[in-house]
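All remarks here apply to the structure that follows.
In UniProt numbering, the protein residues as written are 1 to 865.
Below, the structure is given as structure tokens:
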């Protein structure tokens, strides 16, 4: 058991500063402070704060961006005997102002950038303040600090519509680390990260865990914290040994770790400590597969702000990944009881409410006597005056300790932050045009927990358009709530469903839907980005003007998006780019000039130009454009380059081929500028399937190998029934449908005219086409059941493999269909012959060399020939 706490946080920190004055204490970017420098600067600031009224029993607000100045300020406040009040500068101004009014700090430490308003402030970037600090003694202030004094107050979400302050004493934090000494071997050689917001109590463990053990604290810049690949590199570069993560953040970090084997091999981690939200143990299996058990040691720690960060401890092992909701056993000095409504102990395996007692139980809620009495209750199992905290969490005792089963109330956790739904509801209800609001916990397209708002319009909405009320309400919430409390989507209903008792029936509320615009991509890069947005958000389709965050995205998902952009386009972006340009159209403009693609209507369209495998060449449909094939990018091996072949007429070529064979010969010339010899891989949708077949026939005649020929929903003979006629569409009707779809892309009139002409010419070539015979296999995807395989049989010498896709012909390149086609193609590509790196690049002019044995292109006249 930990010894009785008789000292305070500052005494222990100063002891480390005396022992290791020259050791690195804090690092942030290029700046660092030794323990001597950190202690001296904190002392100087503490003297200024004392002059502003800081003393035991008072609060001092801290509103600073992440830098080495942040731990300086937090230490300085505690050195005065006061308690620090974290005011995250990313929070809305209204929320910060309310916390300042409620806590009434004697002074607020900040910068001119972080603090937007306030009276009693001390701005560290004010030259006058800097001059005063330089002239102030760096000796320790003479203050008597008691272990029972408050060390900090952190505000958590409140069910009444306002956040509530939780006050925690020095003794509580000291007891936490006394318990940790019995479970961990933290020491002066450890490097910790300050990853989380200092307004989140996990930061208490990070800050004091490093400084009380004489270790190094790495303050993680906001942009780095938002980018899992960048954070992974920081962990390796700084040789971090103790990493503390919410599960949501770790899942993204684990993805980056899997994609960067070199950086992963350089990690020095000893511990990864999870906390803040429920951990899905099954999602650790891949991590164990790469790192093995104990390298590093994974630990799950359940905790609550009111009971000082951590309550339980569970050392994780690969054989426990099937356990559900494991939170572990109480820390030394902490008592956990599972009780029924009558405060009676329940047997193991039976669900009850968790009550926590012992050394970690904090003071209570600032200025909320009634709420404190309701949640901090007398301990029927302890001594006189001891209290238990009612957590509201439902748990049971299991094989490896406590197992989490849910909540008794409307409280939820999103990305580690505790949220009272009532507080969010009260903000939504204040939005102009809203009559009533309900908020529930739901899931986004990725299956992750999120908040879903539901509102009903008021009788007099004024200038508010009822159809846009959901968007307006969400924007209103973002101005008044921290990002983690803003609903991912707000649904509008004329009225809420009611239960028999007359209350809102939350279970009967409509499922969340994320509305997307009807616009279509206007360039290949936009097409790629729309596909990537949809993929990472877990929704079917995204338009170029749809907002990433409006569709349920958040900073952790943005990490995945940036990773996909790097793979698909070869462009390095920071996560901040997604905040700066949150729509595919805006992001496309941001990356303009960084991609290697040529013009949007180049005959050879590079969708992904890098990779160690042979490319896949995709032939355009009758519209002449190949942008739609971008949807395949995230279904195929990232090492598979992807190219589209587009009609020359789109770029203004006035001399058109007279047969599909001529067109195929021209495209084969283009293909060979990228891949000089086989095995070749070809794909064509609709009209493009005929051209792909013709290219395969020509390659075979030249003695080249075709590893894959795949066609999507087309008959080899125009008179036969294929996917187009099966829908009752003539070629002209199909052309009109395609032209209408392209029209949504807001293309220039000249381009639309060229597309229309290309559609007409494609129809003419199709009517003239008599396909040859290809001796290899055919992969055929059809829009539902039909007889296309029979029509192809006389033109294919090998095996025909057919896959029925649940879609229509015109929607074969839309995300729902590609989600079915993609895995089929990926499997076919993986199973075919491979010669990594066997496609040398030729001159981009596309002309064959003198030793080329390809047939000429008789009848095709190009300008200047």
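Just so you know, even glycine gets a beta-carbon here, dropped at the ideal spot from N, CA and C. Being a predicted model, the structure only gives us computed values, none of them experimental.
Going by Cα to Cα distance, which pick from the options is closest to residue i?
i: residue 286; options: 317, 579, 470 and 353; result: 317
i: residue 786; options: 771, 804 and 582; result: 804
i: residue 773; options: 503, 671 and 697; result: 697
i: residue 474; options: 509, 497, 429 and 759; result: 429
i: residue 776; options: 765, 762, 792 and 782; result: 792
i: residue 797; options: 757, 717, 815 and 709; result: 709
i: residue 389; options: 373, 398 and 608; result: 373
i: residue 260; options: 283, 276 and 236; result: 236
i: residue 356; options: 770, 577, 319 and 309; result: 309
i: residue 397; options: 811, 351, 129 and 632; result: 351
i: residue 432; options: 149, 455 and 329; result: 455
i: residue 251; options: 288, 157, 29 and 830; result: 288
i: residue 690; options: 651, 633, 621 and 192; result: 621
i: residue 800; options: 788, 778 and 818; result: 778
i: residue 695; options: 713, 54, 671 and 717; result: 671
Starting from residue i, follow the beta strand (DSSP E) in both directions and report where the run begins and ends.
i: residue 39; result: Run containing residue 39: none in the beta strand (DSSP E); it sits in the alpha helix (DSSP H), 35-51.
i: residue 129; result: Residue 129 -> not in any beta strand (DSSP E); alpha helix (DSSP H) instead, spanning 127-134.
i: residue 275; result: It is not in any beta strand (DSSP E) - residue 275 carries neither H nor E in the DSSP assignment.
i: residue 86; result: 83-86
i: residue 300; result: 297-300
i: residue 244; result: 242-245
i: residue 867; result: Within the shown structure, residues of the chain are numbered from 1 to 865, placing residue 867 beyond reach of any answer.
i: residue 420; result: 417-420
i: residue 378; result: 376-378
i: residue 643; result: 642-645
i: residue 682; result: 680-685
Output the boundary residues of the alpha helix (DSSP H) element that contains residue i.
i: residue 831; result: 815-831
i: residue 662; result: 660-671
i: residue 234; result: 228-237
i: residue 79; result: 69-79
i: residue 411; result: Element bounds for residue 411: not the alpha helix (DSSP H) but the beta strand (DSSP E), 411-414.
i: residue 10; result: 9-19
Report the partner residues of residue i according to the DSSP bridge assignment.
i: residue 555; result: In the DSSP output, where bridge partners are listed per residue, residue 555 has none listed.
i: residue 312; result: 330
i: residue 397; result: 402
i: residue 468; result: DSSP lists no partner for residue 468.
i: residue 193; result: 218
i: residue 704; result: Its beta-bridge partners do not exist; DSSP assigns none.
i: residue 24; result: 34
i: residue 164; result: 156
i: residue 491; result: 454
i: residue 442; result: 450
i: residue 804; result: 782
Classify residue i as buried or exposed, calling it buried when 16 or more other Cβ atoms lie within 10 Å of its own Cβ.
i: residue 408; result: exposed
i: residue 137; result: exposed
i: residue 381; result: exposed
i: residue 344; result: exposed
i: residue 873; result: Not covered by the structure: residue 873. The range shown for the chain is 1 to 865.
i: residue 434; result: buried
i: residue 606; result: buried
i: residue 64; result: buried
i: residue 498; result: exposed
i: residue 535; result: buried
i: residue 644; result: buried
i: residue 79; result: buried
i: residue 723; result: With a pLDDT of 43 at residue 723, under the threshold of 50, the modelled position of this residue cannot be trusted, and the question is left open.
i: residue 19; result: exposed
i: residue 513; result: exposed
| Counting Cβ pairs, one atom from each stretch, are 3 or more of them under 8 Å apart for the segment 25-42 and the segment 100-107? | no
When you compare the segment 261-279 with the segment 229-245, are there three or more beta-carbon pairs, one atom per stretch, that lie closer than 8 Å?
yes
Margin query: Using 8 Å as the cut-off, can you tell me whether the segment 623-643 makes contact with the segment 511-530, which would need three or more C-beta pairs spanning the two stretches below that distance?
Written below: yes
Checklist entry - Can we say the segment 574-590 touches the segment 666-681, given the rule of at least three CB pairs closer than 8 Å? => result no
- Three or more C-beta pairs below 8 Å linking the segment 699-710 and the segment 630-649: no
contact_flag[the segment 62-78, the segment 173-182] where n(CB pairs < 8 Å) is 3 or more: no
- prompt: Hey, is the segment 544-563 in contact with the segment 653-663, meaning 3+ C-beta pairs nearer than 8 Å?
  reply: no
inquiry  = Under 8 Å: do the segment 185-199 and the segment 336-350 share three or more Cβ pairs, one atom per stretch?
reply    = no
Original post:
Counting Cβ pairs closer than 8 Å, one from the segment 413-420 and one from the segment 481-497, do we hit at least three?
Top reply: yes
Stretch pair the segment 352-371 + the segment 292-312: three plus CB contacts closer than 8 Å: yes
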